[in-house]
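J.: Structure provided below as structure tokens; questions to follow.
Numbering (this note's numbering), first residue to last: 13 to 229.
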């Protein structure tokens, strides 16, 4: 009778004469003669759905990919339910991604990228339970827009920056004009201030030219 060791991160699925007879956890186990063991690694793992081209609700083609975290919760079901369980999970996530992208227009997709796949885990939970797996996290990995869209976004950002610069320049010019107007008004109302300012400029070494009106003899 052989002995088989199951590691902490594994589960052993046991078949006897072709029938499922149980699942065992970590430890050393005796393997009976007619029993067939299939060892399943149950550690969480990442599954990536590569970038694919999908049309948004308003007809813009984008390239989008996702990454999901999987955890096998029932090793026996995982082995028995599907010949290619990873392919089944992959296909379900791919369809969910396409449906979500097709349900929003481009501006909404750009603004709510992080929320695009919210609730996908719950929506797919019944199907994944039948495969013996739980999806604990799904997120958009990459989102690529067409070249013309990227160019339009870049141009809009540039125009915003130019507009902000023009606004700041206009504010500065307006403040300067207000200051000059206030100074001119103050000088007009108080001629003595003009004389004091002239003396101050002279004391600082500035060239001051005083015009005298010559009266006829």
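All C-beta atoms, glycine included, are put in the ideal place defined by N, C-alpha and C.
Compute the Euclidean distance between the alpha carbons of residue 160 and residue 111, then round it to the nearest angstrom.
T.: Near 24 Å, if we compare the C-alpha coordinates of residue 111 and residue 160.
J.: Can the beta-carbon of residue 118 be found less than 8 Å from the beta-carbon of residue 66?
T.: Their beta carbons are not under 8 Å apart, which means residue 118 does not touch residue 66 by this criterion.
J.: Just list the residues that DSSP pairs residue 191 with in beta bridges.
T.: Answer by DSSP bridge pairing: none, since residue 191 is not bridged.
J.: Are the stretch 144-152 and the stretch 75-85 touching by the rule of at least three beta carbon pairs closer than 8 Å?
T.: Yes, since at least three Cβ pairs between the stretch 144-152 and the stretch 75-85 fall closer than 8 Å, the two stretches touch.
J.: If contacts are defined as beta-carbon pairs under 8 Å, then residue 15 and residue 50 qualify, I think. What distance do you get, rounded to the angstrom?
T.: So it is not a contact: roughly 17 Å between Cβ atoms.
J.: In whole angstroms, give me the CA-to-CA distance for residue 128 and residue 121.
T.: The straight-line gap from Cα to Cα measures roughly 7 Å.
J.: Can you say whether residue 195 is buried or exposed, counting buried as having 16 or more other CB atoms within 10 angstroms of its CB?
T.: So residue 195 counts as exposed.
J.: Nearest by alpha-carbon distance to residue 62: which of 158, 102, 81 is it?
T.: Residue 102 is the option with its Cα nearest to residue 62.
J.: Evaluate residue 23 with the Cβ neighbour count: other Cβ atoms within 10 Å of its Cβ, from every protein chain shown; 16 or more gives buried, anything less gives exposed.
T.: With 16 or more Cβ atoms within 10 Å of its Cβ, residue 23 is classed as buried.
J.: Compute the Euclidean distance between the alpha carbons of residue 123 and residue 156, then round it to the nearest angstrom.
T.: Rounded to whole angstroms, residue 123 to residue 156 spans 14 Å at the Cα level.
J.: Of all the options 188, 115, 105, which has the alpha carbon lying nearest to the alpha carbon of residue 69?
T.: For residue 69, the nearest C-alpha among the options comes from 115.
J.: Let me know if residue 44 comes out buried or exposed under the rule of 16 or more other beta-carbons within 10 Å of its beta-carbon.
T.: Classification for residue 44: exposed.
J.: Cα separation between residue 150 and residue 19?
T.: Cα to Cα, residue 150 sits roughly 28 Å from residue 19.
J.: Is the beta carbon of residue 154 sitting closer than 8 Å to the one on residue 52?
T.: Taking 8 Å as the Cβ cut-off, residue 154 and residue 52 do not qualify as a contacting pair.
J.: Is the beta carbon of residue 33 less than 8 Å from the beta carbon of residue 27?
T.: Yes.
J.: Comparing alpha-carbon positions, which option in 98, 106, 56, 95 lies nearest residue 78?
T.: Among 98, 106, 56, 95, the Cα nearest to that of residue 78 is on 106.
J.: Using DSSP bridges, identify the partner residues of residue 33.
T.: Beta-bridge pairing links residue 33 to no other residue.
J.: So, using beta-carbon positions, are residue 89 and residue 125 closer together than 8 Å?
T.: No; because the gap between Cβ atoms is not below 8 Å, this pair is not in contact.
J.: What's the C-alpha gap between residue 141 and residue 29?
T.: C-alpha separation (whole angstroms): 26 Å.
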